[in-house]
Amino acid sequence: MTLNTEFMLETFFIALKGIPVTLSLAAISLLLASPAAFFMAIARINRIKGLQKAVTVYVSFVRGTPMILQILVIYSLLPSLLNQLFMNLNLKINVFDVNPILYAYIVFTLNTAAALSEVFRSALQTVSIGQLEAAQSIGLSTYKAYTRIVIPQALVVALPNLGNVTVNLIKGTSLAFMMTVKDITALAKIEASYGYNYIEAYIVIFFIYIILCSGVQLAFRLLEKYLGGYRKPAAG
Amino acid sequence: MTRPFEPSFIIEVIPQLLPFLGTTLAIVTGTVLFGSMFGFILARAKIRGRKISKLLADLYTAIIRATPSIVLLFVVFYGLPELLLGTIGINSNGYNKVFFVLIAFSLQFAAVMSEVMRSAYGSVDKGQYEAAVSIGLSERQAFIRIVLPQCIVVALPNFANSLIGLLKEGALAYTIGLTDIMGKGILIIGNNYGAYALETYIALTAIYWGITLLIEKSFHLTENHLSRGNKGISAS
Amino acid sequence: MLELKNVHKSFGRNEVLKGVDISVEKGDVVVILGPSGSGKTTLLRSINFLEKADKGTIVFGDIEAKLENASKHDIRAIRKKSAFVFQNYNLFHNRTALQNVTEGLIVARKVPKAEAVEKARKALDKVGLSDRYDYYPSQLSGGQQQRVGIARAIAVNPDVILFDEPTSALDPELIGEVLNVMKELAKEGTTMIVVTHEMTFAQEVANKVIFMDGGVVVEEGPPGEIFTRPKEERTKQFLRRIINDFDYVI
């Protein structure tokens, strides 16, 4: 078995250029999904009628269907919907001019929101009601009690799971090539197709993902150490 | 985009898809089998292996967890034939694609299962084992009769999650040309020259969602049945 | 009948047992007393090989073995001749009270099932749980769980039962029911080694008291002597602390 090492090195640097795309997909999806996920979690914890049911079905759907199908459905549905919208608004935008990364943001945001809502829900539930009551008892408003006391604690509890969601999201973005987004995987695939160097290309991105995901995991672990300091018992 | 959405096609296409559900489920079953066996070996190494085997098992798990399914699938599909040919002179050109899919997903599932098994083992109090050997059971009997059944109850929810994850990731097998239910759907779309794509995807989505719900439900029932020893008036 | 010689055990750099000798005759009720960290639980666990001692010899009936490298065969033989009652009961969570007791009979001793069930019922009746056969541990109170633990031990008809602080995890009002069962066993001539802080039990039931401190046996003798005329200063101090109104003869 001989690997074309020259090609691998070349592909490595080309695929590296996909890292910003991959990371921006992950970061923007997380950013957009977080507030939605938080309210979904609150709706479920407080059993808000109707909303609770809707959130449960939504989470079950995302959890119960392959990411690839979510991508395919949205990618074949959204452009025609957008086209309709543009026509109705009398906008002279050709739907083919829309950057496909927009669809990717939408898919990954929708997917991540479901996963995050579960993380937030279980994290919020581990913070005892006593913390909320104590905060209110010293005169904090419910909003302040949440933002100053409950959420900071829940966040620390949620960190390991947040790390998992993030890593899964980064792994999931490797399917963005289905929407012609030029992420790490897409760039490697394109390089590979020129000379049928598929093995080399995939081994290269295999390593890139390992480095990337391990880095993210490490970052979360450090963050956990840094933020979780208050949970360590005092020495002595 | 020129053709209106036809909900009736969703119903029409399902009977064409369902015969290929067998392939999908066979791959899941095979992966669970091989993956669990390998996962057990990994878990054993993590729990009571020598330092070096523990390290290797942990490293393996970390690598797999950082690798997107599609990348692993491609690495195995393109890389394994070369590896087989180069090292032991086996030509795998004529091998069924099922072979590669099974290997790729078993490698992945093993890492997941090793963690499920390890945490389940860790959750069973050491006193259970001690009590068993103290009344004369051999180490093996103590493990099989007392510790293992309790591990299984603890592991069940995580196992169900892993199984659902496997089912969903398994949908990627079509990308190397396997004709499972997903692959059949893609073929149907191809035969229709790309028409009815959305309808077909929706049909597939519904089927996957249905299976996931079925898995969840049946595990829920099993869990309730098995954990009868763990509930009661003074459950601690 | 049971003898331990020169038992040594360290956990890391912490030497817990520094050469302990004890001997137990058939029918003895031996109570081991001592402050926490004195090594008494470790000693008890070494007998059943739940803890592997670093050095020492065990002579149990016709078996003689080195504690540090006993063969699997000897370990199992010794475990079959003895039974252990744990501080936190360690009932099998996935077995009913009856199944907890039959497990050792059917699996380890190959007693036919019908006979095992018969024996298990008798053992449970003896500890006053004839109405709890089919309850799971989580459905029983602490005192009931510990009595199942004792039934599990007596059902296998061991030469000696080892009790590791059997009442210290119990609420005060539940201690009595367990101690009563143990007294009953002592009366019937069951050989027992008991690690406990229950002084009354030691005074009334034991025929031999061993006082351990700092990994060694400080003093041993019949309860009458230990409680009324302790020779060692450390024993006196310990007893003074444990029993407030302790009044010994000088």
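Residue numbers (the UniProt record's numbering), protein chains in the order written: chain A, 1 to 236; chain B, 1 to 236; chain C, 1 to 250.
Here a beta-carbon is modelled for each residue, glycine too, at the ideal position from N, C-alpha and C.
{"Query": "Between the CA atoms of F238 (chain C) and I41 (chain B) - distance to the nearest angstrom", "Result": "51 Å"}
{"Query": "Neighbour-count burial assignment, V167 (chain A), 16 or more Cβ in a 10 Å radius", "Result": "buried"}
{"Query": "Euclidean distance between Cα positions of A235 (chain B) and N90 (chain C)", "Result": "Caution is warranted here: a pLDDT of 35 is assigned to A235 (chain B), below 50, making its placement in the model unreliable, and the coordinate value is therefore given only provisionally. About 14 Å."}
{"Query": "Residue from C:L179, C:V160, C:V156 with nearest C-alpha to P166 (chain C)", "Result": "C:L179"}
{"Query": "Whole-angstrom distance between V59 (chain C) and P35 (chain C), CA atom to CA atom", "Result": "27 Å"}
{"Query": "Beta-carbon proximity of V194 (chain C) to G149 (chain C), cut-off 8 Å", "Result": "no"}
{"Query": "As assigned by DSSP and simplified to three states, the class of T65 (chain A)", "Result": "coil"}
{"Query": "Rounded straight-line distance, which links the Cα of F11 (chain C) to that of G189 (chain C)", "Result": "35 Å"}
{"Query": "Minimum C-alpha distance to D180 (chain B) - residue among B:L21, B:S8, B:F5, B:I14", "Result": "B:L21"}
{"Query": "Outcome for V249 (chain C) when other beta-carbon atoms lying within 10 angstroms are tallied against a minimum of 16", "Result": "Legend: pLDDT at V249 (chain C) = 46, less than 50; position of this residue unreliable, no value from coordinates given."}
{"Query": "Inter-stretch contact at 8 Å, needing at least 3 Cβ pairs: the stretch 56-70 of chain C / the stretch 87-102 of chain C", "Result": "no"}
{"Query": "Same chain, Cβ closer than 6 Å to T24 (chain B), five either side skipped, listed in chain order", "Result": "D180, I181"}
{"Query": "Contact list for L82 (chain A) against chain B, beta-carbon separation under 7 Å", "Result": "Residues of chain B passing the Cβ test: none, with the nearest at roughly 10 Å."}
{"Query": "Helix, strand or coil at V111 (chain C) [DSSP, three-state]", "Result": "coil"}
{"Query": "L160 (chain C) versus S141 (chain C): straight-line alpha-carbon distance, rounded", "Result": "Note on identity: in this sequence residue 160 (chain C) is Val, with Leu being the wrong assignment. Each residue's alpha carbon lies about 26 Å from the other."}
{"Query": "Per-residue contacts from A108 (chain C) into chain B (C-beta, under 8 Å)", "Result": "I135, G136, L137, S138, Q141"}
{"Query": "DSSP-derived helix/strand/coil call for F34 (chain B)", "Result": "helix"}
{"Query": "Closer than 8 Å to chain B by CB, F86 (chain C)", "Result": "yes"}
{"Query": "The stretch 35-51 of chain B in contact with the stretch 103-118 of chain B per 3-pair CB rule at 8 Å", "Result": "yes"}
{"Query": "Anticipated Cβ contact below 8 Å, V71 (chain B) with S174 (chain A), distance rounded", "Result": "6 Å"}
{"Query": "Chain-ordered chain B contacts of S76 (chain A) [CB-CB under 8 Å]", "Result": "A197, L198, Y201"}
{"Query": "Identity of the residue in C:E233, C:Q87, C:T191 nearest S168 (chain C) by Cα", "Result": "C:Q87"}
{"Query": "Nearest-angstrom beta carbon gap, A206 (chain C) and P223 (chain C) [assumed within contact, 8 Å]", "Result": "5 Å"}
{"Query": "CB-CB length for E191 (chain A) against A201 (chain A), believed under 8 Å", "Result": "6 Å"}
{"Query": "D164 (chain C) - containing beta strand (DSSP E), residue span", "Result": "160-164"}
{"Query": "Residue-level contact to chain A via CB, G79 (chain B), 8 Å cutoff", "Result": "yes"}
{"Query": "Residues that K80 (chain C) contacts on chain B, provided the C-beta gap is smaller than 9 Å", "Result": "I135, G136"}
{"Query": "Contact check, V165 (chain A) vs L116 (chain A), beta carbons under 8 Å", "Result": "yes"}
{"Query": "Continuous beta strand (DSSP E) stretch holding A219 (chain A): start and end", "Result": "Not the beta strand (DSSP E): A219 (chain A) falls in the alpha helix (DSSP H), residues 198-227."}
{"Query": "Opposing strand residues paired with A83 (chain C) [DSSP bridges]", "Result": "C:I161"}
{"Query": "For T31 (chain B), the nearest candidate out of B:F100, B:P19, B:T87 (CA to CA)", "Result": "B:F100"}
{"Query": "Proximal residues of chain B, C-beta to C-beta of E177 (chain C) below 7 Å", "Result": "Within 7 Å Cβ-Cβ: nothing; E177 (chain C) doesn't reach chain B, min ~16 Å."}
{"Query": "Counted within 10 angstroms of its Cβ, other Cβ atoms place I52 (chain B) as buried (16 or more) or exposed", "Result": "exposed"}
{"Query": "Whether L124 (chain A) touches A154 (chain A) by CB criterion (8 Å)", "Result": "yes"}
{"Query": "Within chain B, partners of V73 (chain A) - CB distance below 8 Å", "Result": "L198, Y201, I202, T205"}
{"Query": "Per-residue DSSP class, three states only, for T112 (chain A)", "Result": "helix"}
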